[in-house]
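All residue numbers for the sequence shown refer to our numbering, where the first residue is 3 and numbers rise by one. Each remark here refers to the structure printed beneath this line.
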Amino acid sequence: MERLTKAEEQVMQVLWKLGPSFVKDILAAMPAPRPAVTTVSTIVRILEEKGFVEHEAFGRSHRYQARISKATYGDRSVRKLVKDYFGSSPKALLSFFLEREQLDAKELDELLKLIKHTKKQR
3 MERLTKAEEQ
13 VMQVLWKLGP
23 SFVKDILAAM
33 PAPRPAVTTV
43 STIVRILEEK
53 GFVEHEAFGR
63 SHRYQARISK
73 ATYGDRSVRK
83 LVKDYFGSSP
93 KALLSFFLER
103 EQLDAKELDE
113 LLKLIKHTKK
123 QR
């Protein structure tokens, strides 16, 4: 799957939140400072070319919707991150995270429970 730019991801976040939307709706839901309407229009067309978005025509207007779910995109992005930066090792990712984040005892306990639960299921 092709990686999205920050601007493309921002538009996708809006589409995942709102569902099918016109460019004006996408623009209204974006945080300030908002890009120009032509910029958003260009981004959704690029996303459509990349296969992330599809449109339905309403006269001269188009209503856009995501073709890929947020969960699917997130899953693929994390897998690519683990592959590219951690040698395909989830253990290396977890070690990196644990060494650099200041987790409290409760958060560490929750992670431990998740690990134990996953281990039991395998």
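Don't be surprised by glycine CBs; every beta carbon is placed ideally from N, CA and C.
Can you tell me the Cβ-Cβ gap for residue i and residue j, rounded? I've got them flagged as a contact below 8 Å.
i: V42; j: V25; result: 5 Å
i: I45; j: A9; result: 6 Å
i: V13; j: L49; result: 6 Å
Under a three-way DSSP split, which group does residue i fall into?
i: S97; result: helix
i: S63; result: strand
Can you list, in chain order, the residues of its chain whose CB lies under 6 Å from that of residue i, leaving out five sequence neighbours each side?
i: F88; result: A94, L95
i: M3; result: R78
In the DSSP assignment, find the unbroken alpha helix (DSSP H) run with residue i in it and report its ends.
i: D111; result: 107-123
i: R81; result: 72-88
Within the same chain, show all residues whose beta-carbon is closer than 7 Å to that of residue i, passing over the 5 residues directly before and after it, in chain order.
i: R36; result: L29
Legend entry - Contained alpha helix (DSSP H) runs [length at least 4] in the stretch 4-61, N- to C-terminal order: Listed in chain order, the complete alpha helix (DSSP H) runs (minimum 4 residues) inside the stretch 4-61 are 8-20, 25-31, 39-52.
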